[in-house]
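In UniProt numbering, the protein residues as written are 1 to 216. Note that the Cβ used here is the ideal one computed from N, Cα and C, for glycine as well.
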Amino acid sequence: MSLALNGTADYPLGAAERRALWDAAGVAGDTVATTVLTYGLRPVGDDWLRHRADIGAETHLTLREIRRLTPLRFAPQVVYVCENPRVLEAAADAGARAAVICTMGNPTVVTLALLDALVASPQVELAYHGDFDWPGVAIADRVMGRFGASPWRFRAEDYRRAVALATERGTPGQALAGTVVETGWDPSLAAAMRETGIAIHEEAVIDDLLKDLSPG
């Protein structure tokens with residue numbers, strides 16, 4: 001971190017910033033150890049990533065592969081981004097035709113690189129869904145802010161519906177914990193979460209999410 005320590009750059013706070021600082025110093029970092037989980041990505045052309053999507057296979061992409069694939073070109077489409085891998089797994093089980101990317105919590109460097117590559121394609125729009133808890137809302141805020149993603153069934157009315165469904169099913173509620181995070185894309189969402197005080201994770205709303213992902 002000599003660039004930061006000698007004052008020529010700000011000290012990096014996250015993994016993405018640290019990698020960028022190492023790159024600026026000419027130090028090559030590892031590009032194969034971590035991956036991003038994807039499903040249904042069909043770039044224009046005839047490459048292996050499209051073939052895997054056509055056979056319904058999930059694909060773990062490394063940073064090395066993303067760099068080799070870019071620039072990515074797509075037909076006009078929405079790419080759905082979720083937080084929990086169970087959503088992507090359910091999409092694959094349902095034979096969904098939509099493209100799905102899973103952050104598996106906070107987006108890693110490789111996940112950010114793929115999302116950067118996708119938004120560089122003018123035909124792609126991102127839609128994001130995560131856990132209805134404060135950490136999940138914080139992740140959503142970062143993804144929407146950086147990539148211009150739209151909320152995917154992630155507004156106040158979606159939260160209220162999920163809470164009502166959990167109550168109807170008799171699913172034990174988990175109390176919200178942690179620091180309150182405001183929801184700039186829909187301020188009434190944070191208000192509803194504060195009022196209700198219940199966390200709803202993505203697994204509980206998979207059936208609703210599949211309505212957007214599945215054929216027909």
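Task: Segment contact flag, the region 157 to 165 with the region 192 to 205, C-beta cutoff 8 Å, min 3 pairs - done: The region 157 to 165, when compared against the region 192 to 205, does touch it at the 8 Å Cβ threshold.
Task: Rounded C-alpha distance that separates Asp116 from Pro76 - done: Distance between the alpha carbons of Asp116 and Pro76 is about 17 Å.
Task: Local Cβ density within 10 Å of Leu213, reported as buried at 16 or more and exposed below that - done: Only buried fits Leu213, as 16 or more other CB atoms lie within 10 angstroms of its CB.
Open item on the list: Using a Cβ-Cβ cutoff of less than 6 Å, which residues in the same chain neighbour Ala96 once the five nearest sequence positions on both sides are dropped?
Closed with: Within the same chain, Ala96 has close Cβ partners Leu213 and Ser214.
Open item on the list: Starting from Leu37, trace the beta strand (DSSP E) in both directions and tell me its first and last residue.
Closed with: Going by DSSP, Leu37 is part of the beta strand (DSSP E) stretching over Thr35 to Tyr39.
TODO: List the residues that DSSP assigns as beta-bridge partners of Ala99.
DONE: Answer by DSSP bridge pairing, in chain order: Val79.
Open item on the list: On the DSSP letters alone, give me the boundaries of the alpha helix (DSSP H) that Ala127 sits inside.
Closed with: No alpha helix (DSSP H) contains Ala127, which is instead part of the beta strand (DSSP E) from Val124 to Tyr128.
- [ ] From the DSSP output, in three-state form, read off Ser214 for me.
- [x] Of the three classes helix, strand and coil, the one that applies to Ser214 here is coil, per DSSP.
Task: Candidates Asp186, Arg68, Ala33 and Gly136: closest to Glu203 by CA position - done: Here the closest residue by C-alpha is Gly136.
Task: Whole-number beta carbon distance between Thr103 and Leu63, since they are thought to touch under 8 Å - done: Their Cβ separation, rounded to whole angstroms, is 15 Å, which puts Leu63 and Thr103 out of contact at 8 Å.
Task: DSSP state of Phe74 mapped onto helix, strand, coil - done: Phe74 falls in the coil class under three-state DSSP.
- [ ] Can you give me the start and stop residues for the beta strand (DSSP E) that His60 sits inside?
- [x] Per DSSP, His60 belongs to the beta strand (DSSP E) from Glu58 to Thr62.
Open item on the list: Below 8 Å on the Cβ atoms is my contact criterion, and I expect Ala53 with Leu37 to pass it. Report the Cβ-Cβ distance as a whole number of Å.
Closed with: Actually they are not in contact, since the Cβ atoms of Ala53 and Leu37 sit about 13 Å apart, beyond 8 Å.
Task: N-terminal and C-terminal residue of the alpha helix (DSSP H) that Ser188 is part of - done: That run of the alpha helix (DSSP H) goes Pro187 to Thr196.
Open item on the list: Checking the sheet assignment: what are the DSSP bridge partners for Pro107?
Closed with: According to DSSP, Pro107 bridges with nothing at all.
- [ ] Over the uninterrupted alpha helix (DSSP H) stretch that includes Phe147, give me the two end residues.
- [x] Segment Trp134 to Phe147, the alpha helix (DSSP H) holding Phe147.
TODO: Measure from the C-beta of Gly56 to each C-beta in chain D and report whether the shortest distance is under 7 Å.
DONE: In the displayed structure, chain D is absent; only one protein chain is listed.
Open item on the list: Taking only three categories from DSSP, how would you classify Asp207?
Closed with: In the three-state reduction of the DSSP assignment, Asp207 falls in the helix class.
Open item on the list: Tell me which residues share the same chain as Arg177 and place their Cβ nearer than 8 Å to its Cβ, disregarding the 5 neighbours each side in the sequence.
Closed with: Strictly speaking, residue 177 in this sequence is Ala, with Arg absent from that position. Asp133, Trp134 and Ala199, listed in sequence order.
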